[in-house]
Amino acid sequence: MREPDKTDLAIPDFALVVLIGSTGSGKSTFAARHFLPTEIISSDRCRALVSDNETDQDVSADAFDLAREIASKRLKYRKLAVIDATNVRAADRKAWIELARKWHTLPVAVVIDPGVDVCVARNALRPDRPFGAGVVQRMTTEIRKGLGGLQREGFRQVWKLTSEASIDTARVTRQPLWTDKRDHHGPFDIIGDIHGCADELQALLAQLGYSVAWSEDHGERIVAVTPPEGRKIVFVGDLVDRGPNVPDTLRIAMSMVAAGAAYCVQGNHERKLSRWLEGRKVTIAHGLQQTIDQLGAQDRGLREALPAFLDSLRSHVWLDDGRLAVAHAGLKEEMIGRGSGAVREFALYGETTGEIDEFGLPVRADWTAAYRGKTAVVYGHTPVLSAEWVNNTLCIDTGCVFGGKLTALRWPERELVEVPAIQTWSEPVRPLGGSSGLGRSAQADADGVLDYEDVSGRRWIETELRGRVVVAEENASAALEVMSRFALSPQWLMYLPPTMSPSETSSQSGWLERPEEAFAHFRERGVTQIVCEEKHMGSRAVIALCRDAQAARDRFGVPGDETGAIWTRTGRSFFNGTGMTEGLLARLRARVEAVDLWKELNSDWLLLDAEIMPWSAKASSLIESQYAPVATSAAAGLQASREALARAMARGIDAASLDARLEDRAARAARYATAWAPYVWPVSGIEDLKVAPFHLLASEGRVWFDHDHVWHMTLAERLAAGVVTRTQWRVVDLADAGACAEAVAWWETLTGSGGEGMVVKPRDFVSRNKKGVIQPALKVRGREYLRIIYGPEYDAPDNLVRLRERGLGGKRSLALREFALGHEALKRFVARQPLRRVHECVFGVLALESEPIDPRL
Amino acid sequence: MFLSVATTQRPATDLGFLLHKHPERLHETDLSFGKAWLFYPEATDERCEAVLLLDVDPIGLVRGKGQAEGLLDQYVNDRPYAASSFLSVALNKALRTAMTGISKERQQLADSDLPLETVVTPLPMRGGEALVRGLFEPLGWSVDLTPIETIGSNTGGPRYGHLRLTGTGRLSSLLNHLYVLIPVMDDAKHYWVGEAEIDKLLSKGEGWLENHPAKDLIVRRYLRNRGALARIALERLAPETAGEALPPEARIAPEEALEAPIRLNDLRMDAVVRAIRATGATSIADLGCGEGKLLYRLVRERWVHKMFGLDPAVRELERAAKRLKLNEFGGPPEGRVTLMHGSLTYRDSRWAEADVAVLVEVIEHLDEDRLPLIERVVFGETAPKTVIVTTPNADYNALFPNLAPGAFRHPDHRFEWSRVRFEAWAARIGKAYGYSAAFSDIGAVHPVLGAPTQMAVFTR
């Protein structure tokens, strides 16, 4: 008598469901009844997609490829997929098993076999199915032959529906995987590897606010643990072996799990113990003997309950809307919330390189360095000195049994709670230690290498100031060469300044830029007070200044002896040699110390935004190859022309207007030739340089964008002395017409005496109106200065008229996006986020700079 | 820019007939890029002098006209002021008939040799006074060149000269010489050089260019170093040179020029290919593949099954793709060669399957403080079985006659290592990442200073 079919199909909600049935068996009808149309991948449909004919067997191979490709994409996004094909032979099914393994999902077989007669009859009713009874008979025989082997083939569930009735009455329900506890929000207390350190465990539980009560019941030792309101424990596994009191440790964990007050994931030591209990041959090593000895003397109740408990342990647990995963040895991003042999193995043992180290232990591959997931992964297995976050992963095995400490992570608080080991219970084979031993943090160590994928391709970067900033692929690609071949190392480069837009074109004839437009710009956007700052004509520099080399190593994770770095707008080192850099840093450090800024900021480092003068220090080759030749050739050609014309006019040729034109051109050329003179002086050493800081960007724990420009300029003034030069500035009330006029006059004086111009900023560093963040600064450049931007004759009336048409929209949008990215980079840096998160923003600024924008704006 | 032409052949005012421009008027010619003016500062029986002034619109050059793109991207540019191809175009427009040697009124005069004097200023002197003399003196002009003092910079020497030519010849010859040779001195063109330029050059150069001793240089510079065009022009100019390849001046890197006599690059490629083959590897990553010279060698080897080329410069990869005929008919089958835009300063799994990673003349182009990172990416993270590194041997530099002591072979080199330094570096890597290194020389070996290039083969 055959067992009746089970018709309640309880399948995992993430699975690859493989239907198995002859043509005419009713697979498609069954699929349509129980699954979404988008979940069903039909081989007939795929045949039609490539050949317009559902039954064209000639295209089967390609149709299969297509079906597999579609299934891959769904599984990648953790979506259930149903394969609606005959899948008659084991060879047909093998590919699906492999696909399921690849994406760490469970393969589920559903056999649909209503009998040969039913299939033949159904096919006869359909003109598009020219299959005879022979085909159905052959298929059915083949399927029935393979039934017994489906589990062996790799299917984790096999459902058989062998009559029309059971096919019709079957119900499909979907179960979340055991590991999928995303709807559990905790809060949680995650406890690292205990290894039988029951006393330390109880001390830790007490610190976490759990009360532990022991009692006896019929000679059995019983424990009841009461958690603080709503909290739950997650054990990372390795409860057993090595330590002094495995039984009590197990009692606590088992009672809490049974009471629903804890989750426990399987550790490799539990796995081994379980195999030993099953009577399998295992090597008694790594502390298993202690467990065996301690259990031998214990009550029967514990020994009897133990196998079922060990058997119930799973690879990992995925919690809190997917924000947290706990696994014994960690988990790669693509394995979280999934199930496969590979997931189990990884979660138990982590990844090894296959090599053996000098202590005879397998060398672990550092999966955390490459981890990029949004889910925080908390794990144990590898004892470390102290728990440190690396790329959103945290190892909380702090080697309690080896005399270290027992650590818990409070989630979502992200607080660490630790209890020191009472003694060294077991000698470690390999000394404890997480990072490379260079004295750097584990994160700095992981940050030593960034991944190509951290910067390549089209990117969306979330910023606080401007939401999502998009970096196009071609721009990222342009930045890659600069970043890798010319820029400073990413450890230093935690900020690049945004570009700055000029004011709107002046409405006054003879002028391209004037302050009135900048004032109007901000007034129209609701700004009431602005700060006008003298714009020095030098080269923009970002200066990272550390108290000493140790501070630099500690905070920036750099290996050398440098005490800071100075870089340009494109991330290149400002000076060619470290001599100049360190020399200038030393002088700046002296100024910072003179005003006792380290103490005031409570920081060992700070980041300044500054201009370094003279311009010629960086621009001498530009002057030689571009600026000077223009002055020289313009003067020579115009002089020869005017002399010749004078002779012609002297003999009566009427050329007065040409003469006037040449005179005018010569005058402008002459003004051009002197326009850059104030920005040029010889530099033979540091003493010839001047530094004008205007922003304190960041220091430990702080991004100073929340302080207004009056604060920044006041700080700059305090620093001014020695190599630090003073910057003239003033606050202007935009409603005060007199003050505005004074500021205009001030600008005219400044630029009239060779100054580049001024920068106008809203008083607040970050200013918003209803439409969002407004321009953080606008530059208003002087009339003579603009000659070296737009050429000697730019202000001739017929030239100016054309230059007035300049699209500022692109420049301004760029300025805002770069401003947001720069701010984001700083914010992430001071929050000690992984370097890639900082670098992504800085790389983004550099990439955006490759957008085609008129360089003269 | 300024150009004058004068004669003392009486009656000198007949110059007006030759130029087809009346000496008593101010002439104005519209040009696409501005205006030309012609007038006579002197017009007597004894001496007559015509001046051509060019008034180039500097804004138009950048902004273009209407919707058109401009020619230049910098407003601060000597193009509106220095004698250049603009002047040639103006000559051809304002004095077209004179240049052809036709004169309605004074054909006999146009056909005869006259005492002539011409001034061009400011003339760019790319190639210096020697080149100016080498260009004009063989044509019978005596050259008087006054360098113009540079305003605003005291480095780099004079860039422009005031050129005065005197001699006897036909006016049309002089104008044609100037037409061709001014852009040659300037070594730039304001317009795209296409095949039509060959005809212009040949027609203006008729009767003098084919026998000019600096013919090759004139053709090359006039055609803006476009090798193929220059070759066609020379063949048409002197058919017997057909097949003689010109050195592609523009593409020779300084390093190659320096090392050229020993064909070092070929030797290096040979050595690297041999070293790869000796490992038995069939899949190879060329890290810093540049324009694909090594890949081009490897693609012809049947034992190489898979190649990866990685470079941070997109334009180099484009050249490599072209050289390798990727995705072209006759190119390697799909998947055999993969070019990837990327950088050694980032971990990159895309080339991880290669058995051998090759860094041919790559490390010296990276800042020394970034090397530990690259070591970690290549030897630590990706860790192929074999890594081959070549780099210049700094000891050998003493043997390059044109290389100043302490200078590097290429301006982009960030360092050049002695053999001791290289071996110490290799030893450190060996220790840190578990590789052993074998060293060899590439190129002719000097008994004391070693070979020009050093190679290390690291195996794990």
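If you're matching them up, the sequences are chains A and B in order. Position one of the first sequence corresponds to residue 1 (our numbering), numbered consecutively onward. Position one of the second sequence corresponds to residue 858 (our numbering), numbered consecutively onward. Positions of the beta carbon are idealized from the N, C-alpha and C atoms, including for glycine. Values in this document were obtained by computation on a predicted structure and should not be read as measured data.
How about residue i and residue j: are their beta carbons less than 8 Å apart?
i: residue 862 of chain B; j: residue 644 of chain A; result: no
i: residue 155 of chain A; j: residue 191 of chain A; result: no
i: residue 1018 of chain B; j: residue 1074 of chain B; result: no
i: residue 136 of chain A; j: residue 26 of chain A; result: no
i: residue 1307 of chain B; j: residue 1253 of chain B; result: yes
i: residue 662 of chain A; j: residue 684 of chain A; result: no
i: residue 111 of chain A; j: residue 75 of chain A; result: no
i: residue 1147 of chain B; j: residue 1185 of chain B; result: no
i: residue 254 of chain A; j: residue 309 of chain A; result: yes
Please classify residue i as buried or exposed, where buried requires at least 16 other C-beta atoms within 10 Å of its C-beta.
i: residue 374 of chain A; result: exposed
i: residue 891 of chain A; result: Summary: the structure shown does not reach residue 891 of chain A, with chain A confined to residues 1 through 857, and so no result is reported for it.
i: residue 434 of chain A; result: Low confidence applies here, because residue 434 of chain A scores a pLDDT of 46, under 50, leaving its location unreliable and the question unanswered by this model.
i: residue 592 of chain A; result: buried
i: residue 701 of chain A; result: exposed
i: residue 1190 of chain B; result: exposed
i: residue 538 of chain A; result: buried
i: residue 1211 of chain B; result: buried
i: residue 1296 of chain B; result: exposed
i: residue 860 of chain B; result: buried
i: residue 1003 of chain B; result: exposed
i: residue 289 of chain A; result: exposed
i: residue 312 of chain A; result: exposed
i: residue 1099 of chain B; result: Interpretation of residue 1099 of chain B is limited by its pLDDT of 40, a score under 50 that renders its predicted location unreliable; the figure taken from the coordinates is listed afterwards. Result: exposed.
I think residue i touches residue j, with their Cβ atoms under 8 Å apart; what is that distance to the nearest whole Å?
i: residue 889 of chain B; j: residue 1043 of chain B; result: Contact doesn't hold; Cβ gap of about 19 Å is too wide.
i: residue 1029 of chain B; j: residue 957 of chain B; result: 7 Å
i: residue 460 of chain A; j: residue 466 of chain A; result: With a Cβ gap of about 12 Å, residue 460 of chain A and residue 466 of chain A do not count as contacting.
i: residue 561 of chain A; j: residue 549 of chain A; result: 5 Å
i: residue 13 of chain A; j: residue 80 of chain A; result: 6 Å
i: residue 708 of chain A; j: residue 763 of chain A; result: 5 Å
i: residue 95 of chain A; j: residue 159 of chain A; result: Incorrect: roughly 20 Å between the Cβ atoms, too far for contact.
i: residue 534 of chain A; j: residue 729 of chain A; result: 7 Å
On a Cα-Cα basis, can you pick out the residue from the options that is closest to residue i?
i: residue 67 of chain A; options: A/755, A/454, A/82, A/35; result: A/82
i: residue 121 of chain A; options: A/132, A/111, A/318; result: A/132
i: residue 837 of chain A; options: A/738, A/244, A/462; result: A/462
i: residue 922 of chain A; options: A/572, A/834, A/189, A/385; result: The structure shown does not extend to residue 922 of chain A, since chain A is modelled only from 1 to 857, so the question has no answer here.
i: residue 1122 of chain B; options: B/1061, B/1138, B/1247, B/1223; result: B/1247
i: residue 804 of chain A; options: A/762, A/773, A/839, A/856; result: A/856
i: residue 107 of chain A; options: A/19, A/118, A/73; result: A/19
i: residue 206 of chain A; options: A/418, A/656, A/124; result: A/418
i: residue 32 of chain A; options: A/554, A/15, A/171, A/73; result: A/171
i: residue 339 of chain A; options: A/116, A/317, A/582, A/323; result: A/317
i: residue 1071 of chain B; options: B/1294, B/984, B/1021; result: B/984
i: residue 194 of chain A; options: A/377, A/212, A/250, A/159; result: A/250
i: residue 896 of chain A; options: A/242, A/255, A/188, A/221; result: This structure gives no information on residue 896 of chain A, because the portion of chain A shown stretches from 1 to 857.
i: residue 777 of chain A; options: A/65, A/745, A/527; result: A/527
i: residue 153 of chain A; options: A/90, A/631, A/52; result: A/90
i: residue 820 of chain A; options: A/854, A/264, A/774; result: A/774
Nearer than 7 Å: is that true of the beta carbon of residue i relative to any heavy atom of the ligand COA?
i: residue 1128 of chain B; result: Looking at this structure, you won't find the ligand COA or any other ligand, since it has none at all.
Please list the partners that residue i has in chain E, where partner means a Cβ-to-Cβ separation under 8 Å.
i: residue 1234 of chain B; result: The question asks about chain E, but that chain is absent: this structure's protein chains are A and B.
Check your understanding: the segment 137-159 of chain A: which residues have C-beta closer than 9 Å to a C-beta of chain B, in chain order?
Key -> Residues passing the 9 Å Cβ filter: none.
- Between the segment 1218-1231 of chain B and chain A, which residues of the former have CB atoms less than 9 Å from a CB of the latter, in chain order? Answer set for the segment 1218-1231 of chain B: 1222, 1223, 1224, 1226, 1227, 1229, 1230.
Subject >> Residues within the segment 791-812 of chain A neighbouring chain B, beta-carbon criterion of under 7 Å >> reply: Flagged, chain order: 791, 793, 794, 799, 802, 803.
Members of the segment 858-878 of chain B that neighbour chain A once the beta carbon cut-off is set at 8 Å: Cβ contacts with chain A come from 858, 859, 861.
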